[in-house]
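Trainee: Starting off with a structure, shown below.
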Amino acid sequence: MSENSREQVRFNVEGMTCAACSSRVEKVLNRTDGVEEANVNLPLEQATISYDPDVVDAQTLEARVEKAGYEVKKDTQEFQVTGMTCASCANRVEKKLNRLPGVESANVNLALESAQVTYNSEAVSIDNMKHAVEKAGFGLKEKEGQQSNEAGEDRAEEQLGKFLFSAILSLPLLWTMVTHFEFTSFLWVPEAFMHPWIQLALATPIQFIVGWQFYTGAYKALRNKSANMDVLVAMGTSAAYFYSIYLGYQWTQTGGMPELYFEAAAIIITLVVLGKLFEARAKGRTSQAIQKLLSLQAKTANVLREGEVVEVPVEDVARGDRVLIKPGEKIPVDGRIVEGSSTVDESMLTGESMPVDKMEGEEVVGATLNQAGGLTIEATKVGEETALAQIVKTVEEAQGSKADIQRMVDKVSGIFVPAVVAFAAVTFITWYTVVDPGSVQSALIPTISILVIACPCALGLATPTSIMAGSGRAAELGVLYKGGEYLEQAQAVDTVLLDKTGTITEGEPQVTNVYAVSGWNEAALLEITASAEQPSEHPLASAIVQGAKDQHLRVQQPESFTSLPGHGIEAVVEGKSVLVGTKKLLEERSISFQAEEKESLEAEGKTAMLVAIDGEFAGMVAVADTIKPTSKAAVERLKQAGMHVVMITGDNARTADAIAERAGIKHVRAEVLPEEKSAEVQRFQNLGHQVAMVGDGLNDAPALAAADIGMAIGTGTDIAIEAADITLMRGDLHSAADALLVSQKTMRNIKQNLFFAFLYNTSALPIAAAGLLAPWVAGAAMAFSSVSVVLNALRLQRLKFTGQEKGGVS
Numbered sequence: 000m001s002e003n004s005r006e007q008v009r010f011n012v013e014g015m016t017c018a019a020c021s022s023r024v025e026k027v028l029n030r031t032d033g034v035e036e037a038n039v040n041l042p043l044e045q046a047t048i049s050y051d052p053d054v055v056d057a058q059t060l061e062a063r064v065e066k067a068g069y070e071v072k073k074d075t076q077e078f079q080v081t082g083m084t085c086a087s088c089a090n091r092v093e094k095k096l097n098r099l100p101g102v103e104s105a106n107v108n109l110a111l112e113s114a115q116v117t118y119n120s121e122a123v124s125i126d127n128m129k130h131a132v133e134k135a136g137f138g139l140k141e142k143e144g145q146q147s148n149e150a151g152e153d154r155a156e157e158q159l160g161k162f163l164f165s166a167i168l169s170l171p172l173l174w175t176m177v178t179h180f181e182f183t184s185f186l187w188v189p190e191a192f193m194h195p196w197i198q199l200a201l202a203t204p205i206q207f208i209v210g211w212q213f214y215t216g217a218y219k220a221l222r223n224k225s226a227n228m229d230v231l232v233a234m235g236t237s238a239a240y241f242y243s244i245y246l247g248y249q250w251t252q253t254g255g256m257p258e259l260y261f262e263a264a265a266i267i268i269t270l271v272v273l274g275k276l277f278e279a280r281a282k283g284r285t286s287q288a289i290q291k292l293l294s295l296q297a298k299t300a301n302v303l304r305e306g307e308v309v310e311v312p313v314e315d316v317a318r319g320d321r322v323l324i325k326p327g328e329k330i331p332v333d334g335r336i337v338e339g340s341s342t343v344d345e346s347m348l349t350g351e352s353m354p355v356d357k358m359e360g361e362e363v364v365g366a367t368l369n370q371a372g373g374l375t376i377e378a379t380k381v382g383e384e385t386a387l388a389q390i391v392k393t394v395e396e397a398q399g400s401k402a403d404i405q406r407m408v409d410k411v412s413g414i415f416v417p418a419v420v421a422f423a424a425v426t427f428i429t430w431y432t433v434v435d436p437g438s439v440q441s442a443l444i445p446t447i448s449i450l451v452i453a454c455p456c457a458l459g460l461a462t463p464t465s466i467m468a469g470s471g472r473a474a475e476l477g478v479l480y481k482g483g484e485y486l487e488q489a490q491a492v493d494t495v496l497l498d499k500t501g502t503i504t505e506g507e508p509q510v511t512n513v514y515a516v517s518g519w520n521e522a523a524l525l526e527i528t529a530s531a532e533q534p535s536e537h538p539l540a541s542a543i544v545q546g547a548k549d550q551h552l553r554v555q556q557p558e559s560f561t562s563l564p565g566h567g568i569e570a571v572v573e574g575k576s577v578l579v580g581t582k583k584l585l586e587e588r589s590i591s592f593q594a595e596e597k598e599s600l601e602a603e604g605k606t607a608m609l610v611a612i613d614g615e616f617a618g619m620v621a622v623a624d625t626i627k628p629t630s631k632a633a634v635e636r637l638k639q640a641g642m643h644v645v646m647i648t649g650d651n652a653r654t655a656d657a658i659a660e661r662a663g664i665k666h667v668r669a670e671v672l673p674e675e676k677s678a679e680v681q682r683f684q685n686l687g688h689q690v691a692m693v694g695d696g697l698n699d700a701p702a703l704a705a706a707d708i709g710m711a712i713g714t715g716t717d718i719a720i721e722a723a724d725i726t727l728m729r730g731d732l733h734s735a736a737d738a739l740l741v742s743q744k745t746m747r748n749i750k751q752n753l754f755f756a757f758l759y760n761t762s763a764l765p766i767a768a769a770g771l772l773a774p775w776v777a778g779a780a781m782a783f784s785s786v787s788v789v790l791n792a793l794r795l796q797r798l799k800f801t802g803q804e805k806g807g808v809s
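Numbering (numbering that gives the first Met the number 0), first residue to last: 0 to 809.
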């Protein structure tokens, strides 16, 4: 291998713990064909490799490291891309970035005018990426905060200025063009407007000031051996403009009134700019969801520092700070209540309209609204750690990612423009040689119309605008898709597996029944039982204690307490001997009791604990994990959407059947161990079903990962949320139905957009080739096609789900 052909790459390797690890990575790399030398530095966690790029590439070397059981650290960066005008531009920028050594993936979104790049910072720098994109004729800069929205507003203002300038100069030319039609021939036109050089004076600023953006875009595209919308517009309008100059010159030699086409070139540019203006404003509306989320955050916080309350910018709040929140104020950061109680409106994050009661020790989320009482919280998450920041990041990543259907469109748009140019050339030759031999004028009109009307803008905007609008609306409903691909895949789901605890049910046992025998009343029985259970750490004991507190009963510490594993507890409360536990416990102590009520309660899925006081049966307390109020209606929505709904749980069959019946679920898989849940998912997949798994617990994570679509209840554990493809912030099953329905409607919207865009281009081309489409009409139609696609996508922002589907797009 020569010195000239050798390249060097550096990786940050994670997971190495000792010299044996670094040695292993080094050996794996050095044994790879094409690698001249690999050195691994354990303290720096870094691998430096010299290799022959003709034999092996950087991606293969990364794969070798990861196959050895380690991880190559990647960075992800959002960029703003300037200068893109159509799908071909986005495709070209994406190819340039993906070809850079060290770039793992790059997704370019035309609608957002952004690029999401995952890369190895040791192999490629941001400057390298900027240089590559600039060389292709575009701009690349790091995205910050509201930069995208502000840039969109600036572009809209710029296009508005260009349109007004162009429209004023075009008006006299339009006046002359209108009089060409028989039914308007009676209109008077100032003779000066018909003069070739007056028309030239009006058309030239439009062509080379307003239209200069098309020339620069076309030059950059052609320089990089590609073609885009700018090429089509520049070619079409230039042909009309320069041919009109030629005809004007002939007029000076021969006299007579020539048939000029200055108005066609000018009006095409004016209409295209108008279309860009509408498009820029409409695209700005598709990102409103993120702007709404960002606007929710409080701007300042009242922080307790050195004994005084100080108002500081929310960015200056540090973890551990004590923050005071008055009634009616937004909670500035995520935190834990250390003093006070209140009701908190969390609808802006979860979509749930009912406020939530918050007590001391409970968690609160930044950007939610404190309604009733004053609170003091300890900041636990600030800045980018907060739930709001993570939600915004998830939505941005989903909107910036690329669905599979978009990749197909990109391939089509990549060859569409060159094919149109070739078709336009064939049309010109056919008209000039066959249809109207020798007439440049006759051949020029259909050629210009073809070039102008065939712009692939609508194709490029069809998918990303729908995904932006759909995922943004879903975020407002409390549904977060981790990527556009999951938004696409969710619409194919036909089977939904629901975990029971914390998904269908509340996840926290509650006292449901108190049955007292003669000599005891229910309140007294619950009070003494709760006191006996006070020291116990068992979830059922906690439910009994909480149940007594909820009824404002007196719960005290027992004089003595003994846990009887598998049976119950034994305690002494106010001198009374108390037993709480199973049927077997009372039988062992020779205490007689009636079991009919117990069996009836257990048939309803409740756990009934028998209570004996001073050796006599006193009654029983039933505890159950109650079904969420919304579960039955949500299950019905899923079934109405054509889903096969199955409950999957580790509980015994009797309890599982009771819960399933109340939730309206006919199919149950009970007594499934945590490690068996993923096998259940695969069983349904092997039967040909597309499976969504909905869960919230630690033991749901493998099943969530195995499912085609994993949905984690946002109130569940972090590991479950990490393993899932969709996070449901509301904590009830309605959001699972929302997630699937938003996906279905978004994909339907995308297909509508693509159908319209493909139909529009394929049907318009032969009409233009036949000479039945005036160039200015073609320009108006081309502008309308892009705007109509974006407006159709914006219909997704009107989707409304509140427990049941009230409306939205069809």
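We put the beta carbon where it would ideally sit given N, CA and C, even for glycine. Owing to the predicted nature of the structure, the values given are computational and were not obtained by experimental measurement.
#1: In whole angstroms, what is the alpha-carbon distance linking LEU159 and LYS665?
#2: Let me know the beta strand (DSSP E) ranges lying completely inside the stretch 1-64, each 3 residues or longer, listed in chain order.
#3: Please confirm if the stretch 755-762 is in contact with the stretch 232-248, defined as three or more CB-CB distances below 8 Å between the two stretches.
#4: Which value, in whole angstroms, describes the spacing of the CA atoms of ALA226 and LEU443?
#5: Near LEU450, what residues of its chain come up, given a Cβ to Cβ distance below 6 Å and the 5 sequence neighbours on each side ignored?
#6: Grab the span of the alpha helix (DSSP H) containing LYS750 for me, first residue to last.
#7: Per DSSP, which one or two residues make a beta bridge with THR117?
#8: Determine the closest residue to MET467 out of GLN509, ARG23 and GLU487, with distance taken between C-alpha atoms.
#9: Taking the DSSP output, what are the residues bridged to GLU141?
#10: Ordered along the chain, which non-local residues of its own chain (more than five positions away) have a Cβ less than 6 Å from that of THR464?
#11: In chain order, which continuous runs of the beta strand (DSSP E) of length 3 or greater are located wholly inside the stretch 564-602?
#12: What is the DSSP secondary structure of TYR248, reduced to helix, strand or coil?
#13: Going by DSSP, what residues sit across from MET646 in a beta bridge?
#14: Could you spell out where the beta strand (DSSP E) holding ASN512 opens and where it closes?
#15: Roughly how many whole angstroms lie between the Cα atoms of ARG729 and ALA773?
#16: Output yes or no for whether 8 Å exceeds the beta carbon distance between PRO508 and LEU539.
#17: Using the C-alpha atoms, what's the distance from MET642 back to GLN796?
#18: Mind the definition here: the stretch 648-658 touches the stretch 492-503 only if three or more C-beta pairs lie below 8 Å; say whether that holds.
#19: Roughly how far, in whole angstroms, is the beta-carbon of ALA122 from the beta-carbon of ARG9, given that I think they are within contact range, below 8 Å?
#20: What residue does the beta strand (DSSP E) around GLY334 start on, and which one ends it?
#21: Whether or not the stretch 762-772 and the stretch 524-531 are in contact is what I'm after, with contact meaning three or more pairs of Cβ atoms, one per stretch, closer than 8 Å; do they touch?
#22: With respect to the alpha helix (DSSP H) encompassing THR446, which residues constitute its N-terminal and C-terminal limits?
#23: Using the C-alpha atoms, what's the distance from ASN127 back to GLN79?
#24: Since ASP344 is in the beta strand (DSSP E), which residue starts that stretch and which ends it?
#25: Just to confirm the assignment, what range does the alpha helix (DSSP H) spanning ALA468 have?
#26: Using alpha carbons as the reference points, say which of ARG588, ALA633 and VAL64 lies closest to GLU615.
#27: Looking only at its chain, what residues have a beta carbon closer than 6 Å to the beta carbon of THR269, apart from the 5 residues adjacent to it on each side?
#28: In the DSSP output, which residue or residues are listed as bridge partners for ALA623?
#29: Using only the alpha-carbon positions, how far apart do PHE213 and ASP229 sit?
#30: Taking only the alpha-carbon atoms, compute the straight-line gap between ARG91 and ILE197 and give it to the nearest angstrom.
#31: In whole angstroms, what separates the C-alpha of ALA779 from that of ILE266?
#32: Rounding to the nearest angstrom, what Cα-Cα distance links GLN41 and MET15 in this structure?
#33: Alpha carbon to alpha carbon, how far is ARG668 from ARG682?
#34: Given ALA57, which residues of its chain have a CB within under 7 Å of its CB, disregarding the five upstream and five downstream residues?
#35: DSSP three-state call for GLU679: helix, strand or coil?
#36: Among THR47, ASP656 and VAL132, which one has its Cα closest to the Cα of ASN119?
Mentor: With the structure as the only source:
#1: For the purposes of this step, residue 159 is identified with residue 160 of the sequence shown, where counting begins at 1. For the purposes of this step, residue 665 is identified with residue 666 of the sequence shown, where counting begins at 1. LEU159 and LYS665: Cα-Cα distance of roughly 59 Å.
#2: 6-13, 34-40 and 45-50
#3: no
#4: The residue given as residue 226 occupies position 227 in the sequence shown. The residue given as residue 443 occupies position 444 in the sequence shown. Each residue's alpha carbon lies about 21 Å from the other.
#5: If you number the sequence shown from 1, residue 450 lands on position 451. Excluding sequence neighbours, LEU450 sits near LEU231, MET234, GLY235 and ALA423.
#6: The residue you call residue 750 lines up with position 751 of the sequence shown. It spans 733-768 - the alpha helix (DSSP H) in which LYS750 sits, taken as one unbroken run.
#7: The residue given as residue 117 occupies position 118 in the sequence shown. Answer by DSSP bridge pairing, in chain order: THR75 and SER104.
#8: For the purposes of this step, residue 467 is taken as the residue at position 468 of the sequence shown. Comparing Cα-Cα distances from MET467 to each of GLN509, ARG23 and GLU487, the minimum goes to GLU487.
#9: Here residue 141 corresponds to residue number 142 of the sequence shown, with the count starting at 1. BP columns for GLU141 point to PHE78.
#10: On the sequence shown, position 465 is the one that residue 464 refers to. ALA110, THR285, VAL789 and ALA792.
#11: 567-572 and 575-580
#12: For the purposes of this step, residue 248 is taken as the residue at position 249 of the sequence shown. If DSSP states are grouped into helix, strand and coil, TYR248 belongs with the helices.
#13: In the sequence shown, the residue the question calls residue 646 occupies position 647. LEU497 and VAL667, per the DSSP bridge assignment.
#14: Counted from its first residue, the sequence shown places residue 512 at position 513. Unbroken beta strand (DSSP E) run through ASN512: 509-515.
#15: Indexing the sequence shown from 1 puts residue 729 at position 730. Indexing the sequence shown from 1 puts residue 773 at position 774. C-alpha separation (whole angstroms): 54 Å.
#16: As a position in the sequence shown, residue 508 is number 509, starting the count at 1. As a position in the sequence shown, residue 539 is number 540, starting the count at 1. Yes.
#17: In the sequence shown, residue 796 corresponds to position 797, counting from 1. In the sequence shown, residue 642 corresponds to position 643, counting from 1. Roughly 24 Å separates the two Cα atoms.
#18: yes
#19: Walking along the sequence shown from the start, residue 122 turns up at place 123. Walking along the sequence shown from the start, residue 9 turns up at place 10. Correct: roughly 6 Å between the Cβ atoms.
#20: Numbered from its first residue, the sequence shown carries residue 334 at position 335. Its beta strand (DSSP E) spans residues 333-338.
#21: no
#22: For the purposes of this step, residue 446 is taken as the residue at position 447 of the sequence shown. Where THR446 is concerned, the enclosing alpha helix (DSSP H) stretches over 439-452.
#23: Stepping through the sequence shown from its first residue, residue 79 is reached at position 80. Stepping through the sequence shown from its first residue, residue 127 is reached at position 128. So the two alpha carbons sit approximately 15 Å from each other.
#24: The residue given as residue 344 occupies position 345 in the sequence shown. Where ASP344 is concerned, the enclosing beta strand (DSSP E) stretches over 341-344.
#25: Here residue 468 refers to the residue found at position 469 of the sequence shown. Looking at the DSSP string, the run of the alpha helix (DSSP H) that includes ALA468 is 456-475.
#26: What you label residue 615 is simply residue 616 of the sequence shown in a count that begins at 1. For the residues ARG588, ALA633 and VAL64, the minimum Cα distance to GLU615 belongs to ARG588.
#27: Indexing the sequence shown from 1 puts residue 269 at position 270. Contacts found: SER165, ALA166 and SER169.
#28: On the sequence shown, residue 623 is found 624 positions in, with the first residue counted as 1. Paired residues: GLN509.
#29: Start at 1 with the first residue of the sequence shown, and residue 213 comes out as number 214. Start at 1 with the first residue of the sequence shown, and residue 229 comes out as number 230. Using only the alpha carbons, I get a separation of about 5 Å.
#30: Counting from 1 along the sequence shown, the entry for residue 91 is found at position 92. Counting from 1 along the sequence shown, the entry for residue 197 is found at position 198. Each residue's Cα considered, the two are about 40 Å apart.
#31: Position 780 of the sequence shown holds residue 779. Position 267 of the sequence shown holds residue 266. Cα-Cα distance, rounded: 9 Å.
#32: Taking the first residue of the sequence shown as 1, we reach residue 41 at position 42. Taking the first residue of the sequence shown as 1, we reach residue 15 at position 16. The sequence shown places Leu at residue 41, rather than the Gln named in the question. For LEU41 and MET15, the distance between alpha carbons rounds to 7 Å.
#33: Here residue 668 corresponds to residue number 669 of the sequence shown, with the count starting at 1. Here residue 682 corresponds to residue number 683 of the sequence shown, with the count starting at 1. If you take the alpha carbons of ARG668 and ARG682, they lie about 12 Å apart.
#34: In the sequence shown, counting from the first residue as 1, residue 57 sits at position 58. If we look at ALA57 and ignore the five residues flanking it on each side, its Cβ neighbours are VAL8, PRO100, GLY101 and ALA122.
#35: Position 680 of the sequence shown holds residue 679. In this structure, GLU679 counts as helix in the three-state DSSP scheme.
#36: Working through the sequence shown from its first residue, we reach residue 119 at position 120. It is THR47 whose Cα lies nearest to the Cα of ASN119.
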